[in-house]
Amino acid sequence: MPGHRSVREILLAAAPIATAIFVFGISFGVLAVAARLPAWSVVLLSGLVFAGSAQFAALGVIAAGGSVLTAIFAGALLNLRFVATGIAVAPSLPGGRLLRAILAQLSIDESYALSARAGAPGRPDGRTLLISGACFYAVWVVGTMLGALLGPVLGDPKRLGLDAAFPAGFIALLWPMLSGRHAVRCVIGGVLAALALAPFTPPGVPLAGAAVIGLWLAR
Amino acid sequence: MAGPLALGLVLGLASLSFLMRATGSMLPNLPAAITTRTSGLAPALLAALVAIQLTGSNGVLHLDVKVPAVIAAALLAALRAPFIVCVIAGAIVAGLLRAVFHL
Chain X
1 MPGHRSVREI LLAAAPIATA IFVFGISFGV LAVAARLPAW SVVLLSGLVF
51 AGSAQFAALG VIAAGGSVLT AIFAGALLNL RFVATGIAVA PSLPGGRLLR
101 AILAQLSIDE SYALSARAGA PGRPDGRTLL ISGACFYAVW VVGTMLGALL
151 GPVLGDPKRL GLDAAFPAGF IALLWPMLSG RHAVRCVIGG VLAALALAPF
201 TPPGVPLAGA AVIGLWLAR
Chain D
1001 MAGPLALGLV LGLASLSFLM RATGSMLPNL PAAITTRTSG LAPALLAALV
1051 AIQLTGSNGV LHLDVKVPAV IAAALLAALR APFIVCVIAG AIVAGLLRAV
1101 FHL
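Line by line, the protein sequences are chains X and D.
Each residue of the first sequence is one higher than the one before, counting from 1 in this note's numbering.
Each residue of the second sequence is one higher than the one before, counting from 1001 in this note's numbering.
Written out as structure tokens, the structure reads:
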């Protein structure tokens, strides 16, 4: 068993990431109210979904004029990786199935990464996951709230270039995944599928096509 | 966006996200073949999202200030800049180009 890390140690390790998540939360709040989502729904989204990239993807679809269903589809597909992190953290979580399913809601990329680093190989540290996850949850929701309040003060979103924030954010999320030939192949396939389908199909179909191509090319 | 529609978005995405995190914690180990396949989803989807953001309402590539914004963000991401720096830089590039060239 790796040594028992104190709450203070875990929080110290989480602090720099928490700052980044806080600022990300603010920007998400600003962008979401700029995309004309009601402020209450923006905060509720962060409180109930707690997944930056999925929320960002869903919002990008809405901001570009896509439908709610397409937005949910895009966000949910990005969250599919949480099935894998859920499997990885399950043995490290306390309690029965129900409690574990609820505690697993605190897993995001960052809390999972910290717990994997703190634990033994193949067995992430459950305490680190829960404590850092709760900390990240708090700053994510408070940050979103601040952003939703701040957004209307900032002015015309297009003049500020906020519409370009979405593709810029997607490429920034994508970049760290580009290790290995498989990922590059999936990227090229995804782009080609989306661009080929976009002129002829309703929004959503190009994303679904890209998802299928991604599954197919990842071998 | 109207209230009921926004609520639909929130509840739809929230319930699916909850289910995914919950099922993972209840499942036994998945065969590696499945996890390898699903690892291709996120890159393909994010790349498609970038591409779709760069198309106009007719679905055809539409080159405007978003292109230099994406290039700036990609360069910063390649230099391992934090996510938020890439996003803000992209917005600034687009905003500045619009202000200077009245695009």
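All C-beta atoms in this analysis are idealised placements derived from N, C-alpha and C, irrespective of residue type, glycine included.
A straight line joining the alpha-carbon of residue 1049(D) with that of residue 207(X) spans about 7 Å.
Here residue 81(X) is buried: its Cβ has 16 or more other Cβ atoms, across all protein chains shown, within 10 Å. Of all residues in the stretch 5–29 of chain X, only 20, 23, 24 and 27 place a beta-carbon less than 8 Å from a beta-carbon of chain D. Taking 9 Å as the Cβ-Cβ cut-off, the stretch 1079–1091 of chain D approaches chain X at 1080, 1081, 1082, 1083, 1084, 1085, 1086, 1087, 1088, 1089, 1090 and 1091, given in chain order.
In this structure residue 1045(D) does not touch residue 68(X) by the C-beta definition: roughly 18 Å separates them, more than the 8 Å allowed.
One finds 164, 167, 168, 170 and 171 in chain X with Cβ atoms closer than 9 Å to the Cβ of residue 1070(D), taken in chain order.
Below 8 Å, too few C-beta pairs join the stretch 30–40 of chain X and the stretch 194–209 of chain X to call them touching: fewer than three. For residue 85(X), the nearest beta carbon of chain D is closer than 8 Å to its own beta carbon. The beta carbon of residue 106(X) is closer than 7 Å to those of 129, 130, 133, 134 and 137 in its chain, skipping five residues each way along the sequence. Taking C-beta atoms as the reference points, residue 1041(D) and residue 211(X) count as a pair closer than 8 Å.
For the pair residue 24(X) and residue 1083(D), the Cα-to-Cα distance works out to about 8 Å. Residue-level contact by beta carbon holds for residue 1018(D) and chain X, with a gap shorter than 8 Å. Counting other Cβ atoms within 10 Å of its Cβ, residue 1034(D) stays below 16 and is therefore classed as exposed.
Around the beta-carbon of residue 1101(D), fewer than 16 other beta-carbon atoms lie within 10 Å, marking it exposed.
Interface annotation, residue 1043(D): in contact with chain X, CB-CB separation under 8 Å. Annotation: residue 201(X) is outside any alpha helix (DSSP H) and is labelled neither H nor E by DSSP. Within chain D, the C-beta atoms nearer than 7 Å to that of residue 191(X) come from 1047, 1048 and 1051, in chain order. Per the coordinates, the alpha-carbon of residue 192(X) lies some 27 Å from the alpha-carbon of residue 1013(D).
Bridge partners of residue 123(X) according to DSSP: 120(X). A Cβ-Cβ distance of about 19 Å is found for the pair residue 186(X) and residue 169(X), leaving them out of contact under the 8 Å criterion.
In this structure, residue 1009(D) sits away from residue 79(X), with a CB-CB distance that is not shorter than 8 Å. Under DSSP, the beta-bridge partners assigned to residue 1055(D) are 1061(D). The alpha-carbon of residue 1063(D) is positioned some 36 Å away from that of residue 48(X). Taking C-beta atoms under 8 Å as the contact rule, residue 1065(D) and residue 1094(D) qualify, at a distance of about 4 Å. Under the three-state reduction of DSSP, residue 67(X) is assigned to coil, being neither helix nor strand.
At the C-beta level, residue 61(X) and residue 148(X) stay beyond 8 Å of one another.
In the three-state reduction of the DSSP assignment, residue 156(X) falls in the coil class. Rounded to the nearest angstrom, the gap between the Cα atoms of residue 1067(D) and residue 64(X) is 15 Å. Taking a Cβ-Cβ cut-off of 8 Å, the neighbours of residue 82(X) in chain D comprise 1017, 1020, 1021 and 1024, given in sequence order.
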